[in-house]
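Beneath this line is the structure, given in structure tokens, with notes to follow.
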Amino acid sequence: MASLKFNTHPNKHRCLMLKRKIAKKITRARFRRLKKEMAEISIEQEFIKEGQRRVGAKIEEINEECEQLRGEAQQMIQQSVNTQIRLALMLNILKAREEGYFAKTSQLTQLLRERMAPE
1 MASLKFNTHP NKHRCLMLKR KIAKKITRAR FRRLKKEMAE ISIEQEFIKE
51 GQRRVGAKIE EINEECEQLR GEAQQMIQQS VNTQIRLALM LNILKAREEG
101 YFAKTSQLTQ LLRERMAPE
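Going by the UniProt record's numbering, the sequence shown opens with residue 1, and the numbers climb by one from there.
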């Protein structure tokens, strides 16, 4: 009987060794696969970061352009307001002349000259 135990024991040991060896191979394969996946993810993250940098730069460029356009629009509005004021003064000068109010005509003409001076 002792010889039977001796014969079965090495087989069990060999079986355990084989299972461990297979488990090690599987673990190594998983590790290599995970390492490869991590490298791929890292590359993808770099692409994403670069894309985000480009988008950020484009947004900054658009914001600067918007600010410039706001300034130009504000300038156009101011010019339009000044033109409206000058036209109103000219109309009042014509009315004052028609009605014979020369002092008022002179005063409005002086005011119009002052409005024209800055440009």
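Quick reminder that beta carbons are idealized off the backbone N, C-alpha and C, glycines included.
For this session: Go ahead and label residue 125 buried or exposed: buried means 16 or more other beta carbons lie within 10 angstroms of its beta carbon, across all protein chains shown.
Result: The question about residue 125 has no answer here: the residues shown for the chain are numbered 1 through 119.
Exercise. Can you tell me where the alpha helix (DSSP H) with ALA103 in it begins and where it stops?
Worked result: For the purposes of this step, residue 103 is identified with residue 103 of the sequence shown, where counting begins at 1. Counting along the chain, ALA103 sits inside the alpha helix (DSSP H) bounded by residues 102 to 116.
For this session: Compute the Euclidean distance between the alpha carbons of LYS25 and ARG14, then round it to the nearest angstrom.
Result: Within the sequence shown, the letter at position 25 stands for residue 25. Within the sequence shown, the letter at position 14 stands for residue 14. LYS25 and ARG14: Cα-Cα distance of roughly 16 Å.
Problem set entry | Backbone CA spacing between GLN107 and ARG97 [nearest angstrom] | Here residue 107 corresponds to residue number 107 of the sequence shown, with the count starting at 1. Here residue 97 corresponds to residue number 97 of the sequence shown, with the count starting at 1. Cα-Cα distance, rounded: 12 Å.
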